[in-house]
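Residue numbers (full-length UniProt numbering), protein chains in the order written: chain E, 1 to 284; chain A, 1 to 284.
Quick reminder that beta carbons are idealized off the backbone N, C-alpha and C, glycines included.
Computed from a predicted model, the values in this text were never measured in an experiment.
Everything below concerns the one structure shown next.
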DNA sequence: ATATGGTATAGGTTTAGCCTATAATAAAGG
DNA sequence: CCTTTATTATAGGCTAAACCTATACCATAT
């Protein structure tokens with residue numbers, strides 16, 4: 001019986017659902033399921049009755065709830081005895097424009113929720129900042145890098161493109177097709193190397209700087225393009241297909257200079273979100 | 001910052017020593033060391049100043065202590081809301097005479113300390129019991145077996161035996177020597193098979209039933225014998241040497257019938273002692 | 001100087017937690 | 001009545017945390 005189990009229990013109690021609790025706790029649903037079963041075993045009581053529309057607490061569950069809350073609160077209080085997490089904390093964060101806005105803003109929102117005294121200023125990647133969202137290829141030896149999620153590169157095309165009939169594409173299928181190139185691109189070299197090795201050439205119709213712009217051109221029917229899948233979120237006017245004979249991906253995370261000393265609870269909060277980001281089933 | 005860290009912290013605070021705390025918590029000293037360092041990192045404060053005769057708490061440590069205690073107490077209280085650990089609990093435990101008394105009694109002592117309402121009656125292995133100390137070879141399909149420690153088989157000999165000059169023995173060195181045989185023996189078959197395979201024979205001078213008796217005969221100079229190393233504890237009149245070309249061992253633990261439903265906290269308490277039993281450096 | 005008792009670090013192994021995928025179940029809708 | 005959908009449970013595999021052993025290091029006492 002540890003604090004983690006209680007945090008999960010509280011989430012389940014309040015959400016009346018294991019799946020919803022899983023989302024709130026940034027983990028997958030089976031983790032909640034097994035942990036809860038374990039807690040019930042430990043206490044020798046059933047805490048919820050399960051049915052197919054969620055769960056409802058038993059008397060034992062209802063009895064446990066306030067104690068669990070007090071427990072978790074006191075644990076937090078104990079931390080703030082030493083690290084004053086309510087103290088004003090001003091952090092500058094650099095955003096690289098080509099990263100998934102949905103995931104980045106989820107991270108920022110959670111940080112604001114979890115760290116009371118926090119305010120941050122968002123700056124451009126070109127400027128100096130305490131923290132910066134970036135991906136592995138831009139990390140220098142002088143940085144600490146906390147990885148958060150992975151982006152797979154996929155082929156984007158207009159919705160009625162003939163390639164959409166395939167669930168996934170072989171690299172050979174895109175030989176000589178009209179292509180929107182984008183620079184800078186994390187996997188520029190791997191991509192070019194791959195094309196060359198397979199004897200494939202693209203018919204480059206445009207060269208743009210941002211993923212957004214590339215997608216606009218794809219949607220306009222100028223050609224296909226290679227983009228990280230997360231950058232599509234929400235867009236209905238293009239279709240993406242994975243590449244099945246090679247795995248191209250980038251690792252996205254947060255980096256900061258080794259010299260800068262940030263409060264441990266800030267870093268911990270960031271890292272606590274990592275599971276969700278890797279978790280496809282519980283996607284936001 | 002979890003409950004485990006706090007339990008370790010409390011032990012260190014009260015013992016004024018990492019090593020002593022390790023013994024109390026049934027873990028090795030480095031586990032305490034790293035966990036404590038981690039806790040200090042989390043809280044952003046140093047909790048103890050280390051010096052070569054132990055540790056003394058800092059102000060932060062002293063400040064944390066009462067809160068940590070309350071935390072752990074409340075956690076225990078929460079468990080006893082459901083499983084009334086003070087309720088009288090009468091358990092019969094079967095002891096097999098050939099197991100290490102020192103370790104067995106350590107387990108029994110800890111159980112009495114940790115589980116307030118517990119009383120037990122010790123019975124012989126031949127009788128029915130709720131729990132029984134035994135080893136892997138005696139476990140049936142109808143049992144649940146919780147393993148606690150391992151016993152290596154070693155050669156026991158009188159103190160002035162010429163073999164004592166070797167730090168460890170090859171099986172060939174004991175060919176044709178006077179031998180005290182013991183039955184039943186967990187590794188009877190493995191042992192006989194081994195002797196036969198290597199073309200080795202023993203000069204069996206006696207066949208006895210208990211390890212105690214076998215050791216008495218060894219001490220009296222009648223021959224050497226093969227015994228689990230734990231069964232020697234404290235005896236000065238015989239010397240033991242490991243066998244270096246084969247690993248003979250038995251796994252000792254607690255078993256109970258699958259049908260019997262014992263309180264989970266009893267089992268948990270038993271299993272919490274497992275680390276110590278495997279832990280040579282922190283041996284009792 | 002040398003031993004002794006105590007803490008820290010390094011390296012390797014085991015275990016616990018997590019994820020994906022999928023099964024099982026029950027309610028809701030056509 | 002069958003299909004779809006939403007929910008929890010189980011199985012299998014992977015990763016990271018905790019633990020152990022061995023050893024280094026450091027201060028004190030002999």
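Run down chain E in chain order and give the residues with a C-beta less than 7 Å from the C-beta of residue i.
i	result
residue 328 (chain A)	The displayed coordinates of chain A run from 1 to 284. Any statement about residue 328 (chain A) would go beyond what the structure contains.
Just to check my reading of the structure: residue i and residue j have Cβ atoms closer than 8 Å, yes? What is that Cβ distance to the nearest angstrom?
i	j	result
residue 130 (chain E)	residue 265 (chain E)	About 15 Å; that fails the 8 Å criterion.
residue 8 (chain A)	residue 43 (chain A)	Wrong, their Cβ atoms sit about 14 Å apart, outside the cutoff.
residue 67 (chain A)	residue 78 (chain E)	5 Å
residue 156 (chain A)	residue 224 (chain A)	6 Å
residue 3 (chain E)	residue 2 (chain A)	5 Å
residue 203 (chain A)	residue 177 (chain A)	6 Å
residue 290 (chain E)	residue 46 (chain E)	Examination of residue 290 (chain E) is not possible in this model, given that chain E is present from 1 through 284 alone.
Would residue i count as contacting chain E if we go by Cβ distances under 9 Å?
i	result
residue 130 (chain A)	no
residue 309 (chain A)	Any answer about residue 309 (chain A) is impossible in this case: the structure gives chain A only from 1 up to 284.
residue 222 (chain A)	no
Please determine, among the options, the residue with the shortest C-alpha to C-alpha distance to residue i.
i	options	result
residue 210 (chain A)	A:96, A:105 and A:113	A:96
residue 125 (chain E)	E:200, E:134 and E:207	E:134
residue 143 (chain A)	A:189, A:260, A:64 and A:207	A:260
residue 206 (chain E)	E:84, E:217 and E:50	E:217
residue 146 (chain E)	E:11, E:270 and E:16	E:270
residue 328 (chain E)	A:112, A:105, A:258 and A:64	Since the first residue shown for chain E is 1 and the last is 284, residue 328 (chain E) is missing from the structure and cannot be characterised.
residue 240 (chain A)	A:220, A:215, A:21 and A:254	A:215
residue 16 (chain E)	E:45, E:61 and E:26	E:61
residue 228 (chain A)	A:267, A:191 and A:31	A:191
residue 250 (chain E)	E:27, E:188 and E:174	E:188
residue 268 (chain E)	A:91, A:105, A:172 and A:38	A:38
residue 182 (chain E)	E:212, E:49, E:171 and E:172	E:212
residue 184 (chain E)	E:226, E:178, E:21 and E:128	E:226
residue 72 (chain E)	E:232, E:27 and E:5	E:5
residue 80 (chain A)	A:263, A:273 and A:274	A:263
residue 180 (chain A)	A:158, A:139, A:75 and A:18	A:158
residue 137 (chain A)	A:253, A:11 and A:10	A:253
residue 172 (chain E)	E:198, E:166, E:162 and E:160	E:198
residue 54 (chain A)	A:12, A:40 and A:70	A:12
residue 231 (chain E)	E:103, E:194, E:208 and E:108	E:103
residue 219 (chain A)	A:236, A:208 and A:273	A:236
residue 56 (chain E)	E:18, E:32 and E:27	E:18
residue 91 (chain E)	E:99, E:221, E:122 and E:203	E:122
residue 26 (chain E)	E:76, E:166, E:110 and E:59	E:110
residue 148 (chain E)	E:272, E:10, E:14 and E:41	E:272
residue 298 (chain E)	E:201, E:132 and E:222	Residue 298 (chain E) cannot be examined here, being either before or after the span of chain E that is shown, 1 to 284.
residue 258 (chain E)	E:40, E:14 and E:140	E:140
At the 9 Å Cβ level, is residue i part of the contact set with chain A, yes or no?
i	result
residue 268 (chain E)	yes
residue 125 (chain E)	no
residue 263 (chain E)	yes
residue 64 (chain E)	yes
Residues of chain A with a CB under 8 Å from the CB of residue i: which are they?
i	result
residue 32 (chain E)	Ordered by position in chain A, no residue passes the 8 Å Cβ test against residue 32 (chain E), which lies about 18 Å from the chain.
So residue i contacts chain E; which residues on that side make the cut at Cβ distance below 9 Å?
i	result
residue 2 (chain A)	2, 3, 4 and 75
Please list, in chain order, the chain A residues whose beta carbon lies closer than 9 Å to that of residue i.
i	result
residue 67 (chain E)	74, 77, 78 and 81
For the structure I just gave you, are there three or more beta carbon pairs, one from the segment 68 to 88 of chain E and one from the segment 109 to 120 of chain E, closer than 8 Å? Short answer: they touch.
Cβ contact (3+ pairs, closer than 8 Å) linking the segment 235 to 250 of chain A and the segment 150 to 164 of chain A: Taking a cut-off of 8 Å on C-beta distances, the segment 235 to 250 of chain A touches the segment 150 to 164 of chain A, as three or more cross pairs fall below it.
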